[in-house]
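Student:
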Amino acid sequence: MTGGRFDFDDGGTYCGGWEEGKAHGQGVCTGPKGQGEYSGSWSNGFEVVGVYTWPSGNVFQGYWAQGKRHGLGVENKGRWIYRGEWTHGFKGRYGVRQSLNTPARYEGTWSSGLQDGYGVETYGDGGERGAPPVGTWLLTPEQNYRPAGRQTAGIMTDAQ
Numbered sequence: 005m006t007g008g009r010f011d012f013d014d015g016g017t018y019c020g021g022w023e024e025g026k027a028h029g030q031g032v033c034t035g036p037k038g039q040g041e042y043s044g045s046w047s048n049g050f051e052v053v054g055v056y057t058w059p060s061g062n063v064f065q066g067y068w069a070q071g072k073r074h075g076l077g078v079e080n081k082g083r084w085i086y087r088g089e090w091t092h093g094f095k096g097r098y099g100v101r102q103s104l105n106t107p108a109r110y111e112g113t114w115s116s117g118l119q120d121g122y123g124v125e126t127y128g129d130g131g132e133r134g135a136p137p138v139g140t141w142l143l144t145p146e147q148n149y150r151p152a153g154r155q156t157a158g159i160m161t162d163a164q
């Protein structure tokens with residue numbers, strides 16, 4: 005394995021290990037004009053585990069596969085933090101998304117980046133909806149989530 009610096013035509017750079025002409029080992033890659041930075045492990049030109057920082061200041065720390073977030077990771081995005089699993093670039097299977105400023109949070113299952121399945125949502129005022137195992141969430145055609153069932157004294161009941 006060799007190492008060094010490579011300057012891309014678009015202004016981005018890569019500093020770190022190389023193997024067979026691809027980023028491999030430890031390295032840092034910056035996008036053109038400071039558009040993001042990834043620092044961490046590489047394998048055959050793809051990110052493996054590390055930290056990506058967007059120009060907005062949003063940060064993801066965790067695992068990658070084939071250029072997408074995949075596996076366990078933590079995303080800090082604005083006033084929200086998500087800790088959990090990622091699948092092919094999306095929040096997936098199970099995780100917790102919570103506000104940094106209020107008690108608002110969702111803990112439960114996810115699909116394609118959206119709340120889907122069983123989970124508990126706590127609102128900014130501390131109220132809850134969807135206590136497991138009763139609460140479920142469904143994807144709607146508008147690619148959003150909605151409670152599945154009817155509200156009964158703060159707990160979602162099975163869908164009718």
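Residue numbering for the sequence shown follows our numbering, beginning at 5 and increasing consecutively. Note that beta-carbon positions come from the ideal geometry of N, C-alpha and C, so glycine has one too.
Taking Cβ to Cβ, would you say N105 is nearer than 8 Å to R83?
Tutor: With a cutoff of 8 Å on beta-carbon distance, N105 and R83 are scored as near each other.
Student: Who are the Cβ neighbours of G31 in its own chain at under 7 Å, not counting the five residues just before and after it?
Tutor: Y18, C19, G20, G21, W46
Student: Assuming F10 is part of the beta strand (DSSP E), what are its boundary residues?
Tutor: F10: member of the beta strand (DSSP E) spanning 6-11, first to last residue.
Student: Which same chain residues end up closer than 6 Å to C33 when comparing Cβ atoms and leaving out the 5 residues on each side of it in sequence?
Tutor: Y18, Y42
Student: For the beta strand (DSSP E) containing Q119, name the first residue and the last one.
Tutor: Counting along the chain, the beta strand (DSSP E) containing Q119 begins and ends at 118-126.
Student: Consult DSSP for G38 and reduce its assignment to one of helix, strand or coil.
Tutor: helix
Student: Quick check on Y127: buried or exposed, where buried means 16 or more other Cβ atoms within 10 Å of its Cβ?
Tutor: exposed
Student: Assign H74 to buried or exposed, taking buried as 16 or more other Cβ atoms, counted over all protein chains shown, within 10 Å of its Cβ.
Tutor: buried
Student: So what's S47 in DSSP terms, helix, strand or just coil?
Tutor: strand
Student: Considering only the alpha carbon of each residue, which of N48, G16, G121, G99 lies closest to M5?
Tutor: N48
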